[in-house]
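Notes for the one structure printed next.
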Amino acid sequence: MNMNPTIRIEDIMQCVRPHLRGLQPYSSARDEFSGQAHIYLDANENPFGSPLLSVSVYNRYPDPHQQSLKERLAKLKGVAPGQIFLGNGSDEAIDLLIRAFCEPAQDRILITPPTYGMYEVSAAIHNVGVLKVPLLPEVFQLNTDEIIAQSRQAKLIWLCSPNNPTGNLLRREDIHAILTQVHCPVVIDEAYIDFSEDEGWLPHLEHYPNLIVLQTFSKAWGLAGLRLGVAYAHPQIIHLLDKIKPPYNINAYTQKMALQALDQRRQVALWIENTRRERQALSQALTSLPFVEKVFPSDANFILVRMQQASAIYRYLITCGIIVRDRSRVVLCDNCLRITVGKPEENRQLLNALREWQKNG
Ligand SMILES: *Cc1c(COP(=O)(O)O)cnc(C)c1O
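Sequential numbering of the sequence shown, starting at 3, is according to the working numbering.
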């Protein structure tokens, strides 16, 4: 691809809020001494242990830099540990990115609705403005020229691919054009990339100093309850996020369990295969229902479906004990439900319930 040599990391770091550039981060006890010792009297921990006798040591603070986990993840993803930030869910990374780049009551982020709601909520929490450049209707692709035109007024651009709630990947040519023609950081949220055939943007991190890729352990990895999200970016951006994060943001249990999970790639790959197969079967079955108007193609583990009386069907499914997501009031998603691809038996029951609705409707 044709890279743009005019965007340099130095320019991107100019987007950082001025008061953070020279910030001296909190120095934890484990920062000031990181070697091995046999008596630790530096962190005011309980020396006797924790009441959780059967499990491992939780009386000690966790590694604030998550070194083992980052090293393991770096190998798996083909990046350097210095290109990895770990957050308490992607939601923490989203929050910290806005904190790092956006001055409250002054700066703005740019989002492309319909998309994940946390970008806007997080901006609102920080009193940061939101520029909206909606996706193109029905195809849900980027309005690239408009995004580039409006990017001058934005400090951060948020793209989501595959996009939530629409399920589709964003076109690579569009993303490349944005990455090379704007002068601010561009976040690509790849929470669902494992379910797609696309390689995503991680293999191209080196080429774009303004690229930040978000991934998560919450979806394909099946660890939503642990709260672990990842941001991949240029080491200077990672260093900035590390400076402003709470020192012990990833707890010891999460670090330990994530390391164990990373040894179970075969299991995760099998689930992904199953999900793709079920996604295909469920899409086909939904298409054949007469009240379904459109089943949007999906590269994720959910399907956006437009149907007659979507909200009524949403409420009807609740009475059947089946919960889907009503997106019918979301821009460009009128009469749409977002349905997560479940296990085969769950999908079968969903389809049965929908066929019942059809008979009685
Ligand atoms: C589910 C999801 C996430 C994951 O958030 P976590 O805080 O890591 O659980 C991130 N982005 C999008 C678009 C999502 O749908």
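Virtual Cβ for every residue (Gly too), placed ideally from N, Cα, C.
Nearest-angstrom Cα separation, counted from residue j out to residue i
| i | j | result |
| --- | --- | --- |
| S30 | A260 | 23 Å |
| G231 | A95 | 7 Å |
| G89 | A312 | 36 Å |
| D2 | I240 | Residue 2 is absent from the structure shown; the chain starts at 3 and stops at 363. |
| Y2 | S36 | Absent from the model: residue 2. The displayed extent of the chain is 3 to 363, so no value can be given. |
| A102 | I86 | 16 Å |
| T146 | I159 | 12 Å |
| S290 | A283 | 11 Å |
| V59 | L75 | 23 Å |
| Q257 | P64 | 8 Å |
| I9 | F50 | 54 Å |
| T321 | L306 | 21 Å |
| G202 | D13 | 25 Å |
| R19 | L71 | 29 Å |
| I346 | R268 | A small correction: the amino acid at residue 346 is Pro; Ile does not occupy that position in the sequence shown. Using only the alpha carbons, I get a separation of about 20 Å. |
| G227 | S198 | 23 Å |
| Q262 | N354 | 38 Å |
| Q68 | N165 | 29 Å |
| I149 | N48 | 53 Å |
| A125 | H236 | 23 Å |
Where residue i falls, given that 16 or more other Cβ within 10 Å makes a residue buried
| i | result |
| --- | --- |
| L181 | buried |
| L207 | buried |
| E34 | exposed |
| A314 | exposed |
| G80 | exposed |
| H178 | buried |
| I100 | buried |
| R281 | buried |
| L22 | exposed |
| Y28 | exposed |
| D44 | exposed |
| R357 | exposed |
Closest by C-alpha distance to residue i, when choosing among the options
| i | options | result |
| --- | --- | --- |
| H185 | P139, S153 and S52 | S153 |
| R32 | S300, R62 and L216 | R62 |
| E295 | R308, Y28 and T342 | R308 |
| Y316 | Q26, I305 and S330 | S330 |
| E275 | D301, A254, E73 and Q262 | D301 |
| W359 | R340, L319 and G344 | L319 |
| S163 | S92, I341 and V215 | V215 |
| V132 | E201, Q69 and I111 | I111 |
| P205 | L306, F304, R174 and N166 | R174 |
| T342 | V189, E122, T277 and P237 | T277 |
| V141 | L334, K361, N362 and N354 | L334 |
| L339 | F298, A126 and Q351 | F298 |
| F304 | D109, L288, V135 and P115 | L288 |
| I11 | P248, Q286 and Q238 | Q238 |
| P248 | Y210, N48 and P66 | P66 |
| L54 | K361, L352 and Y255 | Y255 |
| R350 | Q310, Q286 and N337 | Q286 |
| E105 | A156, V326, K221 and G169 | A156 |
| K77 | L352, D265, S124 and A125 | D265 |
- request: Go through the stretch 143-168 residue by residue and report every complete run of the alpha helix (DSSP H) that reaches 4 residues or more, in order.
  value: 146-152
query: Considering only residues of the stretch 190-256, which uninterrupted alpha helix (DSSP H) runs meet the minimum length of 4 residues and lie entirely inside it, listed in chain order?
result: 237-246
message: At 4 residues or longer, what runs of the alpha helix (DSSP H) sit wholly inside the stretch 310-357?
response: 312-321
task: Scan the stretch 91-129 and note each continuous beta strand (DSSP E) run of 3 residues or more that stays entirely inside, going in chain order.
output: 110-113
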